[in-house]
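Sequential numbering from 1 applies to the sequence shown in the UniProt record's numbering.
Glycine residues also receive a C-beta, built at the ideal position from the N, C-alpha and C atoms.
Every value quoted in this text rests on a predicted model; they were computed, and no experiment measured them.
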Amino acid sequence: MSGLDLVIAGGTVVTAADTYAADIGIRDGRIAQIGHNLSGADRIDATGLLVLPGGIDAHVHLDQPTSDGTTMADDFASGTRSAAAGGNTTVLPFALQIRGQSLRACVEDYHRKAQGNCHTDVSFHLIVSDPTPQVLGQELPALVRDGYTSFKVFMTYDDLVLNDAQILDVFEVARRERALVMVHAEGHDAIRHLTRRLEAEGRTAPYYHGQAHAQIAEREATHRAISHAQLIDVPVVIVHVSGRDPMEQIQWARARGLKVHAETCPQYITLTADDLRGLDMDFDGARYVCSPPPRDADSQAAIWQGLRDGTFDIFSSDHCPFRIDATGKDTPRARSSFKYVPNGIPGVETRLPILFSEGVSKGRISLQRFVALTSTNPARLYGLYPQKGSIAIGADADLTLWDPTLTRQIRQADLNHGCDYTPYEGLQITGWPVRTLLRGQTIAQDGRPCGDPQGAHLARGTSEAFAP
Ligand code: DUC
Ligand code: ZN
Ligand code: ZN
Numbered sequence: 001m002s003g004l005d006l007v008i009a010g011g012t013v014v015t016a017a018d019t020y021a022a023d024i025g026i027r028d029g030r031i032a033q034i035g036h037n038l039s040g041a042d043r044i045d046a047t048g049l050l051v052l053p054g055g056i057d058a059h060v061h062l063d064q065p066t067s068d069g070t071t072m073a074d075d076f077a078s079g080t081r082s083a084a085a086g087g088n089t090t091v092l093p094f095a096l097q098i099r100g101q102s103l104r105a106c107v108e109d110y111h112r113k114a115q116g117n118c119h120t121d122v123s124f125h126l127i128v129s130d131p132t133p134q135v136l137g138q139e140l141p142a143l144v145r146d147g148y149t150s151f152k153v154f155m156t157y158d159d160l161v162l163n164d165a166q167i168l169d170v171f172e173v174a175r176r177e178r179a180l181v182m183v184h185a186e187g188h189d190a191i192r193h194l195t196r197r198l199e200a201e202g203r204t205a206p207y208y209h210g211q212a213h214a215q216i217a218e219r220e221a222t223h224r225a226i227s228h229a230q231l232i233d234v235p236v237v238i239v240h241v242s243g244r245d246p247m248e249q250i251q252w253a254r255a256r257g258l259k260v261h262a263e264t265c266p267q268y269i270t271l272t273a274d275d276l277r278g279l280d281m282d283f284d285g286a287r288y289v290c291s292p293p294p295r296d297a298d299s300q301a302a303i304w305q306g307l308r309d310g311t312f313d314i315f316s317s318d319h320c321p322f323r324i325d326a327t328g329k330d331t332p333r334a335r336s337s338f339k340y341v342p343n344g345i346p347g348v349e350t351r352l353p354i355l356f357s358e359g360v361s362k363g364r365i366s367l368q369r370f371v372a373l374t375s376t377n378p379a380r381l382y383g384l385y386p387q388k389g390s391i392a393i394g395a396d397a398d399l400t401l402w403d404p405t406l407t408r409q410i411r412q413a414d415l416n417h418g419c420d421y422t423p424y425e426g427l428q429i430t431g432w433p434v435r436t437l438l439r440g441q442t443i444a445q446d447g448r449p450c451g452d453p454q455g456a457h458l459a460r461g462t463s464e465a466f467a468p
């Protein structure tokens with residue numbers, strides 16, 4: 001008697017290193033055996049399917065307040081249901097500190113929002129918007145020790161931006177506590193300058209968001225963040241890299257042996273600045289307003305090269321959903337200027353299918369690279385490996401069964417998020433998740449979430465970015 005609770009039988013196991021035929025035996029929510037002809041109390045036939053480590057989306061925004069009071073389209077329930085349907089078993093949302101707020105109180109607030117509502121596992125990154133002596137000296141060190149081992153800083157947005165001195169202070173704490181800093185690298189003053197100029201010229205349609213958030217401003221901020229990290233000698237992750245110019249800064253840093261990691265997202269391989277034109281330079285372009293904005297075909301080609309050659313460690317959705325109706329993006333203020341359009345687009349459910357279809361199915365990246373970018377590397381970078389991101393004895397039985405031949409379009413009508421549109425409507429996809437298991441329990445099947453929320457919050461260890 002094997003004592004296995006469940007066997008995933010007859011599938012093709014894919015990890016970041018290998019592809020091989022095997023059964024996977026699960027006991028008490030963990031992988032207990034990998035072999036052939038396994039038997040257990042229950043069985044799932046995975047013939048013809050790939051068996052992948054569950055997707056880990058390391059960059060999602062759920063139930064975050066905004067400065068103008070706009071409500072995000074997903075809370076923890078709907079966002080993690082959508083994530084599960086899209087083949088994910090863990091997501092890393094943000095706990096956003098409002099200026100004046102204690103970071104500890106902020107974290108407790110997000111735990112209240114998440115508690116009992118999560119269909120995938122979750123683990124919070126902290127957003128540090130107010131690095132007071134109390135935050136730097138007491139709260140951050142204590143929170144890192146409690147397993148919140150990553151935080152994000154912003155180089156733009158009036159209510160979030162840190163100046164260079166503050167960024168250096170946060171980097172110092174990160175180095176001391178061995179926490180990983182994620183940087184939103186766009187130059188605030190350059191964006192403000194361009195915004196003022198465009199508005200003065202009457203160029204206020206959503207399209208001009210893409211002009212105001214120029215790639216030069218992203219390149220400059222990326223270089224500045226890298227230089228600050230070099231001064232302090234701390235690893236960083238440049239998140240949501242949109243194009244060739246900032247990517248070249250990351251390659252420049254890597255060539256000098258600096259510990260600079262990088263993330264890119266679906267919008268930068270599928271959308272361009274032209275999408276922000278909408279139908280005829282109209283408000284429809286607001287569907288694609290995110291920061292940094294999508295660039296051009298040359299940048300898309302550069303990003304693909306970076307996904308192939310290892311410049312990018314991780315591929316995340318930057319899911320940041322606002323409805324396109326009057327409760328989200330379409331307000332009188334937003335129609336008066338692009339600068340009031342909430343920045344962000346949905347994508348947690350479509351991240352894996354897009355990279356699989358555009359990458360693996362079209363022969364641009366290997367299956368191993370797909371798994372590395374979407375599961376194994378996020379686990380390594382954010383202190384979850386090998387409990388997550390691997391198919392190995394003892395790891396959590398977080399698995400995604402994938403049909404590499406299933407072909408259908410992305411359609412809003414089929415998605416489970418709280419948003420009322422997808423920026424990827426009509427995109428033809430070959431390769432979809434057909435079943436998602438969290439610790440051996442099915443949490444989604446054939447594009448629909450199932451079961452009660454059983455996701456947990458994960459305390460994380462130190463990032464492998466600190467490995468010698
Ligand atoms: N930064 C993000 O990380 N997500 C959405 C908007 C933004 O500016
Ligand atoms: Zn950002
Ligand atoms: Zn984001």
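Exercise for the section: Give the C-beta separation of glutamate 349 and serine 82 to the nearest angstrom, bearing in mind that I take them to be a contact with Cβ-Cβ under 8 Å. Expected result: 4 Å
Exercise for the section: Could you pull the start and end residues of the alpha helix (DSSP H) that aspartate 164 belongs to? Expected result: 164 to 177
Handout entry: Supposed close pair leucine 276, tyrosine 288 - CB separation, criterion 8 Å
Key = 5 Å
Problem - Short Cβ contact (9 Å threshold) for threonine 120 with valine 161 - result: no
Problem - Spatial distance of glutamine 211 from serine 299 (CA atoms) - result: 15 Å
Exercise for the section: Check whether the Cβ atoms of alanine 185 and arginine 224 lie closer than 9 Å to each other. Expected result: yes
Exercise for the section: Have a look at leucine 231 and valine 183 and give me their C-alpha separation to the nearest angstrom. Expected result: 15 Å
Exercise for the section: Measure the alpha-carbon distance for serine 2 versus glutamine 441 and round it to whole angstroms. Expected result: 19 Å
Problem - 8 Å contact criterion, which aspartate 164 and serine 67 should meet: CB distance rounded - result: At roughly 22 Å, the Cβ-Cβ gap does not stay under 8 Å, so aspartate 164 and serine 67 are not in contact.
Practice task
Please report how far the alpha carbon of histidine 240 lies from the alpha carbon of isoleucine 44, in whole angstroms.
Solution key: Spanning the alpha carbons of histidine 240 and isoleucine 44 requires a straight line of approximately 37 Å.
Problem - Complete alpha helix (DSSP H) runs within the region 19 to 92 (minimum length 4 residues, chain order) - result: 76 to 85
Problem - Close beta carbons around isoleucine 31, own chain, < 8 Å, minus the five adjacent residues each side - result: Ile24, Gly25, Ile391, Ala392, Ile393, Gly394, Ala395, Asp396 and Ala397
Problem - Under 9 Å between C-beta atoms of arginine 409 and isoleucine 429 - result: In the sequence on display, residue 409 carries glutamine and not arginine. Between glutamine 409 and isoleucine 429, the gap from beta carbon to beta carbon is short of 9 Å.
Practice task
Give a yes or no on contact between the region 185 to 199 and the region 251 to 263, applying the rule of three or more CB pairs nearer than 8 Å.
Solution key: no
Exercise for the section: Look at the Cβ atom of glycine 431, then the Cβ atom of proline 332, and state whether they are nearer than 9 Å. Expected result: no
Exercise for the section: Please find out if some non-hydrogen atom of ligand 2 comes closer than 8 Å to the beta-carbon of phenylalanine 154. Expected result: Correct: phenylalanine 154 has its Cβ closer than 8 Å to ligand 2.
Handout entry: glutamine 454 versus Arg104, Arg369 and Ala84, residue with shortest Cα-Cα distance
Key = Of the candidates Arg104, Arg369 and Ala84, the one whose C-alpha sits nearest the C-alpha of glutamine 454 is Ala84.
Practice task
Please go through the same chain and pick out, in chain order, the residues whose beta-carbon is closer than 6 Å to the beta-carbon of aspartate 28, but skip the five residues on each side of it.
Solution key: none
Problem - C-alpha distance - alanine 142 paired with leucine 415, whole-angstrom precision - result: 39 Å
Practice task
May I have a chain-ordered list of the alpha helix (DSSP H) segments no shorter than 4 residues that lie completely inside the UniProt region "Disordered" (448 to 468)?
Solution key: none
Exercise for the section: Would you grab the beta carbon distance between proline 266 and glycine 418 for me? Rounded to a whole angstrom, and I think it's under 8 Å. Expected result: With a Cβ gap of about 18 Å, proline 266 and glycine 418 do not count as contacting.
Handout entry: Cα-Cα separation between arginine 112 and phenylalanine 76, rounded to whole angstroms
Key = 10 Å
Practice task
Indicate, with yes or no, if ligand 2 has a heavy atom lying under 8 Å from the CB of histidine 240.
Solution key: Checking the Cβ of histidine 240 against ligand 2 gives yes.
Practice task
Look at the Cβ atom of leucine 62, then the Cβ atom of leucine 38, and state whether they are nearer than 9 Å.
Solution key: Judged by beta-carbon spacing, leucine 38 lies beyond the 9 Å limit of leucine 62, meaning their Cβ atoms are not closer than that value.
Practice task
Flag this pair as yes or no: are the beta carbons of isoleucine 303 and tyrosine 268 separated by less than 9 Å?
Solution key: yes
Handout entry: Nearest-angstrom beta carbon gap, leucine 438 and threonine 15 [assumed within contact, 8 Å]
Key = Not quite, the Cβ-Cβ distance comes to about 18 Å (not below 8 Å), so this is no contact.
Problem - DSSP beta-bridge partners of threonine 156 - result: Beta-bridge pairing links threonine 156 to no other residue.
Practice task
For the beta strand (DSSP E) holding arginine 408, just list the boundary residues, first then last.
Solution key: Membership of arginine 408 in the beta strand (DSSP E) is indicated by the continuous run 399 to 409.
Exercise for the section: Give the secondary structure of aspartate 245 by DSSP, where H, G and I count as helix, E and B as strand, and everything else as coil. Expected result: Of the three classes helix, strand and coil, the one that applies to aspartate 245 here is helix, per DSSP.
Exercise for the section: Return helix, strand or coil for proline 433, following the three-state DSSP convention. Expected result: strand
Problem - Contact the region 48 to 57 vs the region 375 to 386: 3+ CB pairs below 8 Å - result: yes
Practice task
From the DSSP output, in three-state form, read off serine 291 for me.
Solution key: Secondary structure at serine 291: coil, using DSSP grouped into helix, strand and coil.
Practice task
Could you tell me if the beta carbon of cysteine 320 falls within a distance shorter than 8 Å of some heavy atom in ligand 1?
Solution key: yes
Practice task
Could you tell me which of Asp318, Cys450, Ile365 and Phe283 sits nearest to aspartate 330, measuring between CA atoms?
Solution key: Phe283
Handout entry: Burial state of isoleucine 216 (16 or more Cβ within 10 Å)
Key = With fewer than 16 other Cβ atoms within 10 Å, it is exposed.
Practice task
Using only the heavy atoms of ligand 2, determine whether one of them is closer than 8 Å to the beta carbon of serine 102.
Solution key: no
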